[in-house]
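Working notes, structure below.
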Amino acid sequence: MKWSIAAAVLTASSLSTALPTVPGPDTLPYRLRLQSGNAKLNNQYLTTNGTAVGVFPTSTSSKPLLVYTITDKKTSLVELHTYPAGKDSRLLALVGEQSDGLLSLTNLPDPESIQLVPGSSFCDWKSFRLGNAGSSNPDGGRVSPKPGNSITWAGVPQGSWVAFPVGTSGRDYTVSFKGLVDMTADARYISIDMPIDVLYVPAYDVEDGVVTIMS
């Protein structure tokens, strides 16, 4: 691979803060929760381990990841930024080799600085979609229904999120998006990748016009 990614561990703020007025929806934080038929993954919140995004209960930085969105008004697609906003905020991006058909969900300080090999390596952070947009396969067939609070990637409407076991604990998983190429016969992934949905859930409460950010 021809890019350089600086490793860092994201830590979310442990304090709850009350805001005097209800801010716009793009500035409110969300947690990212998995939905899966696998009991080890179902209802688990995404966390970070270095630049990797996934489920890492054995990591010291296993606090749920908080993100806020920035929406492109022309496309309605969003960027996912780590919360709180500021110089330490990072971006969630899909990074990988196009020939693999598998893109790793990664948190990066500056995705634009990654040096890509044209036609080979890939990085996108501007094409996430919130909600079930009713995408269809290229042949016109419908994709599997998604929950209304799903996060999908618009780059490949028929693609899907998957989780892969990492390490030796049997409890840690990374999250990737597959669908750039047909991987149904790829022995590297058969029977080890686990289909998941990534859901966004509010990490705040609103009462009497006051927003309280969850820790």
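If you count by mature numbering (1 follows the signal peptide of the UniProt record, and there is no 0), then the sequence shown holds residues -18 to -1, 1 to 197, one letter each, in order. We treat Cβ as the ideally placed atom computed from N, Cα and C, and that holds for glycine. Source: prediction; values computed, not measured.
First and last residue of the uninterrupted beta strand (DSSP E) at residue i
{"i": "P147", "result": "S142 to V148"}
{"i": "K160", "result": "D154 to K160"}
{"i": "F38", "result": "Taken as a continuous stretch (DSSP letters only), F38 belongs to no beta strand (DSSP E), as it is neither H nor E."}
{"i": "T134", "result": "S132 to W135"}
{"i": "S18", "result": "Where S18 is concerned, there is no enclosing beta strand (DSSP E), given that its DSSP letter is neither H nor E."}
{"i": "N31", "result": "T29 to N31"}
{"i": "T194", "result": "V192 to I195"}
{"i": "S103", "result": "S103 to D106"}
{"i": "L23", "result": "From DSSP, L23 is part of no beta strand (DSSP E); its letter is neither H nor E."}
{"i": "L10", "result": "Taken as a continuous stretch (DSSP letters only), L10 belongs to no beta strand (DSSP E), as it is neither H nor E."}
{"i": "P184", "result": "M176 to P184"}
{"i": "L112", "result": "F110 to L112"}
Candidates the options: closest to residue i by CA position
{"i": "G149", "options": "P11, G36 and L14", "result": "G36"}
{"i": "residue 229", "options": "T33, F146 and L98", "result": "Outside the displayed span of the chain (-18 to 197) sits residue 229, for which this structure offers no information."}
{"i": "F38", "options": "G161, Y155 and S142", "result": "Y155"}
{"i": "K55", "options": "S109, D92, P139 and A75", "result": "S109"}
{"i": "G137", "options": "T9, S86, R153 and L162", "result": "L162"}
{"i": "L181", "options": "G130, P66, P46 and V192", "result": "G130"}
{"i": "T57", "options": "Q140, L112 and V192", "result": "L112"}
{"i": "P46", "options": "V193, V192 and A185", "result": "A185"}
{"i": "A21", "options": "A67, R153, V192 and G191", "result": "R153"}
{"i": "A75", "options": "A67, P66 and P91", "result": "P91"}
{"i": "T33", "options": "L87, L48 and L23", "result": "L87"}
{"i": "L23", "options": "K128, N31, S41 and V144", "result": "V144"}
Distance between residue j and residue i (C-alpha atoms, nearest Å)
{"i": "N89", "j": "E189", "result": "32 Å"}
{"i": "Y50", "j": "S151", "result": "31 Å"}
{"i": "I96", "j": "K69", "result": "18 Å"}
{"i": "R72", "j": "S43", "result": "15 Å"}
{"i": "S158", "j": "I195", "result": "28 Å"}
{"i": "P11", "j": "L84", "result": "27 Å"}
{"i": "L14", "j": "D179", "result": "10 Å"}
{"i": "V99", "j": "S132", "result": "31 Å"}
{"i": "S197", "j": "T53", "result": "24 Å"}
{"i": "K160", "j": "G191", "result": "41 Å"}
{"i": "S142", "j": "T9", "result": "27 Å"}
{"i": "V125", "j": "W135", "result": "In this prediction, V125 scores a pLDDT of 42, lower than 50, which makes its location untrustworthy; the coordinate-derived value is nonetheless stated afterwards. Each residue's Cα considered, the two are about 13 Å apart."}
{"i": "E94", "j": "P66", "result": "20 Å"}
{"i": "G139", "j": "P177", "result": "Inspection of the sequence shows that residue 139 is occupied by Pro rather than by Gly. Going from the Cα of P139 to the Cα of P177 covers about 15 Å."}
{"i": "L16", "j": "V193", "result": "25 Å"}
{"i": "T40", "j": "N31", "result": "10 Å"}
{"i": "residue 201", "j": "L48", "result": "With the chain represented from -18 up to 197, any question about residue 201 goes unanswered, as that position is not in the structure."}
{"i": "D187", "j": "D175", "result": "35 Å"}
Would you call the segment 61 to 68 and the segment 19 to 27 touching, i.e. three or more CB-CB distances under 8 Å? No, they do not touch.
Contact the segment 74 to 83 vs the segment 98 to 116: 3+ CB pairs below 8 Å: Segments in contact, yes.
Starting from the N-terminal side, write out each stretch of the beta strand (DSSP E) that is 3 residues or longer and does not extend beyond the segment 44 to 94. Within the segment 44 to 94, the runs of beta strand (DSSP E) at least 3 residues long that lie entirely inside it are, in chain order, 48 to 53, 60 to 64, 73 to 79 and 84 to 90.
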